[in-house]
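Structure first, commentary second.
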Amino acid sequence: MRRIQAGSALSAFGLGFTVPYLYVYVAQVRDLGAATAGVVLAVFAMAALVVLPFSGRAIDRRGPVPVLLVASVVAAVGAVAMGFASSVPAAVGAAALLGAGTAVLQPALATMIVWCSTPVGRTRAFAMQFFLQNLGLGVGGLIGGLLVDTSRPGSFILLFSIEAAMFLVLAAIVGTVRMPGSPAFQGARPSGSGKGGVRALLGHKAMVQLCVLGFVLFFACYGQFESGLAAYGTEAAGIQPSTLGMALAANTAVIVAAQFLVLKFVERRRRSRVIAAVGLIWTVAWLIAGYAGLGHGSQAMATAAFVSTYALFGLGEAMLSPTVAPLVADLAPESMVGQYNSAFALVKQLALAVGPAVGGPMGAALHGPYIVTFVLFSLGITFLAVRLGKQLTPEQNQPSLALRPSKVVARHEPVRESETASV
């Protein structure tokens, strides 16, 4: 497990070097224009949507380790190719390789964590992964910012080379891991024909509801960070672009500081109620954002409110990381863990693609409706979470119940004389 977590953190560290600067690199450093940069980012996302439906079945058939090794090499090749891409076809091709490779890493790593953990220990394992990935992204982005120089394409070649090296390090580390079997919940198997695949997954009502809930979660939070919420902050609240970096730093700081503080709280409560609480926290966050842009306070108050919005989102993320991913695993039949993880990753990718497309224009021009829309989406998270809880078994909703000793104790009753005589 330690090697899996270390490899996951290092891959996130490598991504942090380049992800914040990909648009600037294509549009300005390589002088390919804003339109080409938009196409490259779209291809990066579309490649993930193309490969994720097939990656789950490959993980279940071949195992997560071989799939992750191939994905790491593909991502490394894509990173190196992007570093040397000086034309539109080269940049688009590199983005396709990089997007496809990185998309498969997450469900493969998630399946490895499932196979190496028990349902009870899974909560802490996914919390640790989320913590280390955010730390890796933050540190990588910080170091990348110190190395990057838009006047020197060579500095970006260095960044993409470091990213490629981290993918290969991930492959080397994971290649040494021996995988045990998966201790999945047997009672969660979906009813139906038993043939597996998409039909079985769609026949599993709890998993379908979790995917709908996941789409709303990612659409209302992650899908707004760098698009709608940023546009709303600069246009409605008058936030300076440098303050956006401060807000993102506050988000990461809350995640890092709160992750293990909220873990004990999460472990002792039902997962559906934890997710419902996140919906309420994010409702408050959107209301504070509404004050930042639509209130009549000072610029200092608006800035503080906007940064607080990102911080509250971070608190919700810290509560979700040990909750949602383990729940996906605990719902999966033993032979379909990879497919369930890939399906949920696909839902996340769809939300991240739709979120900016919807939120960006609304955040920039329709300030009031934008806030109202995402307040309602956040309340929808609470509603969907409560509804999902009715579809879960007690152990799926709260794995810590499996550790509680039975309250039924043996009672000693005196033997009757008639019974003794008959013996």
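Count along the sequence shown from 1, add 14, and you get the number used in the numbering used here. Quick reminder that beta carbons are idealized off the backbone N, C-alpha and C, glycines included.
### Query
Just checking my contact of Val351 with Ala357 at CB under 8 angstroms: how many whole Å lie between their CB atoms?
The C-beta distance from Val351 to Ala357 rounds to 11 angstroms, too long to meet the 8 angstroms contact threshold.
#### Entry: Straight-line Cα distance separating Ala62 from Gly369
Their Cα atoms are separated by approximately 16 angstroms.
### Task
Label Arg479 either buried or exposed according to how many other C-beta atoms from any shown protein chain fall within 10 Å of its C-beta, with 16 as the threshold for buried.
No answer is possible for residue 479: it lies beyond the span of the chain, which begins at 15 and ends at 437.
### Task
Quick one: give me the first and last residue of the alpha helix (DSSP H) that Ile302 is part of.
Element bounds for Ile302: Arg285 to Leu308.
### Query
How many Å lie between Leu172 and Ala93 at the Cα?
About 11 angstroms.
### Message
Between the alpha carbons of Gly97 and Ala26, how many angstroms are there, rounded?
### Response
As the crow flies, the alpha-carbon of Gly97 is around 18 angstroms from that of Ala26.
#### Entry: Cα-Cα separation, Leu216 to Ser101
Leu216 and Ser101 have their C-alpha atoms some 42 angstroms from each other.
#### Entry: Inter-residue spacing [alpha-carbon to alpha-carbon] between Ala245 and Ala291
Within the model, the alpha-carbon separation for Ala245 versus Ala291 is close to 27 angstroms.
### Message
If you measure between the beta carbons of Ala105 and Leu29, is that distance less than 8 angstroms?
### Response
Result no, Cβ atoms of Ala105 and Leu29 do not sit closer than 8 angstroms.
#### Entry: N-terminal and C-terminal residue of the alpha helix (DSSP H) that Gly374 is part of
Run containing Gly374: Val351 to Ala379, per the alpha helix (DSSP H) assignment.
#### Entry: Inter-stretch contact at 8 angstroms, needing at least 3 Cβ pairs: the segment 383-400 / the segment 291-303
A contact exists between the segment 383-400 and the segment 291-303.
### Message
I'd like the ranges of any alpha helix (DSSP H) spanning at least 4 consecutive residues and lying wholly in the segment 45-103.
### Response
Contiguous alpha helix (DSSP H) elements confined to the segment 45-103 occur at 47-76 and 78-97, taking only those with 4 or more residues.
### Contacts around Ser196, its chain only, beta-carbon distance under 7 angstroms, and the 5 residues preceding and following it disregarded
Model confidence at Ser196 stands at a pLDDT of 45, short of 50, so the residue's coordinates are unreliable and nothing is read from them.
### Query
Lys362 and Gly228: beta carbons closer than 8 angstroms?
With a cutoff of 8 angstroms on beta-carbon distance, Lys362 and Gly228 are scored as near each other.
### Query
Alpha carbon to alpha carbon, what distance is there between Val43 and Val57?
The alpha-carbon atoms of Val57 and Val43 are separated by roughly 19 angstroms.
### Task
Output the distance between the C-alpha atoms of Ala108 and Ala90, rounded to the nearest integer angstrom.
As the crow flies, the alpha-carbon of Ala108 is around 10 angstroms from that of Ala90.
### Message
Please report the distance separating the alpha-carbon of Ala122 from that of Pro383.
### Response
Between the alpha carbons of Ala122 and Pro383 lies a distance of about 39 angstroms.
### Query
Quick one: is Leu326 buried, meaning 16 or more other Cβ sit within 10 Å of its Cβ, or exposed?
It counts as buried.
### Query
Where does the unbroken alpha helix (DSSP H) through Gln42 begin, and where does it stop?
Going by DSSP, Gln42 is part of no alpha helix (DSSP H) at all; its letter is neither H nor E.
### Message
By alpha-carbon positions, which one of Leu308, Gly113, Ser69 and Val79 ends up nearest to Leu184?
### Response
The shortest Cα separation from Leu184 among Leu308, Gly113, Ser69 and Val79 belongs to Val79.
### Task
Could you say if the segment 258-274 and the segment 319-336 meet the contact criterion of at least three C-beta pairs nearer than 8 angstroms?
Flag = yes, the segment 258-274 and the segment 319-336 touch.
### Query
Who are the near neighbours of Leu406 in its chain, counting only those whose CB is closer than 7 angstroms to its CB and skipping five residues on each side?
Leaving aside the five residues that flank Leu406 on each side, the residues in its chain whose CB is nearer than 7 angstroms to its CB run, in chain order, Ala220 and Ser286.
### Query
Alpha carbon to alpha carbon, how far is Leu258 from Arg75?
Between Leu258 and Arg75, the C-alpha separation is close to 44 angstroms.
### Query
Relative to the C-alpha of Trp300, which residue among Val338, Ile289, Phe320 and Gly237 is closest?
Its Cα nearest to that of Trp300, the residue Phe320 stands out among Val338, Ile289, Phe320 and Gly237.
#### Entry: Host alpha helix (DSSP H) of Ala186 (start-end)
It spans Pro167 to Val188 - the alpha helix (DSSP H) in which Ala186 sits, taken as one unbroken run.
### Task
For Gly189, I'd like the list of residues in its chain whose CB is within less than 8 angstroms of its CB, leaving aside the five on either flank, ordered along the chain.
Only Val79 and Leu83 meet the Cβ criterion.
#### Entry: Residue closest to Ala250, alpha-carbon to alpha-carbon, out of Gln313, Ala264 and Phe232
Nearest Cα to Ala250 within the set Gln313, Ala264 and Phe232: Gln313.
### Assigned exposure category for Gly70 - 16 Cβ within 10 Å defines buried
Classification of Gly70: buried, given that the 10 Å Cβ count is 16 or more.
### Message
Applying the 10 Å Cβ sphere with the 16-neighbour rule, what's the burial state of Gln1?
### Response
Only positions 15 to 437 of the chain appear in the structure, and residue 1 is not among them; the question remains open.
### Query
Quick one: what's got a C-beta closer than 7 angstroms to Met142's C-beta in the same chain, skipping five residues either side?
Gln19, listed in sequence order.
### Query
When the distance is taken between beta carbons, is Arg282 closer than 8 angstroms to Ser414?
For Ser414 and Arg282, yes; Cβs fall inside 8 angstroms.
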